[in-house]
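Colleague:
Numbering (UniProt numbering), first residue to last: 1 to 149.
(1) Using DSSP's beta-bridge definition, name the partner residues of residue 57.
(2) Give the secondary structure of residue 81 by DSSP, where H, G and I count as helix, E and B as strand, and everything else as coil.
(3) Under 7 Å between the Cβ atoms of residue 12 and residue 100?
(4) If you follow the alpha helix (DSSP H) that residue 112 is in, where does it begin and where does it stop?
(5) Round the Cβ separation of residue 35 and residue 69 to the nearest angstrom and send it over; I've been treating them as touching at under 8 Å.
(6) Who are residue 145's beta bridge partners in DSSP?
(7) Find out if the Cβ-Cβ distance for the pair residue 122, residue 132 is shorter than 7 Å.
(8) Is residue 17 closer than 7 Å to residue 23 when the C-beta atoms are compared?
(9) For residue 116, which option in 138, 124, 128, 127 has the closest C-alpha, if you only look at C-alpha atoms?
(10) How many Å lie between residue 38 and residue 83 at the Cα?
(11) By DSSP, does residue 48 sit in helix, in strand, or in coil?
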């Protein structure tokens with residue numbers, strides 16, 4: 001039995017979005033698979049969130065290898081504070097998530113059809129990876145990595 005004082009695994013990463021359908025389409029295009037949707041509300045949800053009157057729609061997305069999941073959340077109530085969807089990559093907080101892909105140029109082109117924009121440009125890091133940052137749903141930065149060599 002493992003040490004009960006350390007996390008056993010990363011279950012999922014939650015991303016609050018303003019357009020749940022667009023976020024699901026974006027991450028589906030990236031290759032994640034829908035795992036289920038639900039609406040959550042009630043006293044326990046309020047207690048967990050530290051808010052009153054929470055009602056949110058949740059969509060779970062799973063990576064093809066089955067080891068990673070994203071929880072996409074659209075809060076219907078209460079309204080959240082305004083955020084800067086163009087916050088630069090060095091802004092404190094969760095700034096990006098990385099996905100390894102087989103063909104970075106193809107993925108960039110497909111995600112651009114879902115509103116993604118390159119933050120910088122596709123660049124090669126030594127002889128190991130081609131990398132880029134894309135701005136996706138709710139301004140989140142998605143890093144793509146194509147292994148080379």
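From the three backbone atoms N, C-alpha and C, an ideal C-beta is built for every residue, glycine too.
Modeller: The structure says:
(1) 39, 74
(2) coil
(3) no
(4) 104 to 112
(5) 7 Å
(6) 100, 131
(7) yes
(8) yes
(9) 138
(10) 25 Å
(11) helix
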